[in-house]
Amino acid sequence: MSTKTLTIMEDAYNILIENKKEGESFSEEIRRLLSKKKSKKLIDFFGILDKKTGDAMVNDYRKIRKEQIKLTKKRIKELG
Numbered sequence: 324m325s326t327k328t329l330t331i332m333e334d335a336y337n338i339l340i341e342n343k344k345e346g347e348s349f350s351e352e353i354r355r356l357l358s359k360k361k362s363k364k365l366i367d368f369f370g371i372l373d374k375k376t377g378d379a380m381v382n383d384y385r386k387i388r389k390e391q392i393k394l395t396k397k398r399i400k401e402l403g
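The sequence shown runs 324 to 403 under the working numbering.
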């Protein structure tokens with residue numbers, strides 16, 4: 324496959340560096356960023372949260388879910 328040389332501003336280069344995935348070439352990154360795919364794969368979101376944030380979100384979800392179950396049971400009891 325042939326190659327082309329591009330000249331870009333340093334700030335644009337830094338943005339590419341920041342968003343480049345490990346082991347990904349610049350060509351792959353540019354294709355990924357410019358892809359017109361409307362649906363995302365779950366794997367695309369892997370690693371966007373640090374462990375602490377992810378754990379906090381899971382705990383919050385569990386608390387909310389537990390409260391919703393409690394409210395649902397209460398409503399069922401009131402109806403029955």
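The C-beta atom is built at its ideal place from N, Cα and C for all residues, glycine as well.
- Contact between Phe-349 and Leu-339 holds, since their C-beta atoms are separated by about 6 Å, short of 8 Å.
- About 5 Å separates the CB atoms of Glu-352 and Lys-343; that is less than 8 Å, so the two are in contact.
- In the three-state reduction of the DSSP assignment, Leu-357 falls in the helix class.
- Taking Glu-347 as the centre and dropping the five residues before and after it, the same chain places the C-beta of Arg-355 closer than 8 Å to its C-beta, in chain order.
- In its chain, beyond the 5 residues on either side, no residue has a beta carbon closer than 6 Å to the beta carbon of Leu-402.
- Only residues of its own chain outside the window of five on either side were considered, and among them none has a CB closer than 6 Å to the CB of Ser-325.
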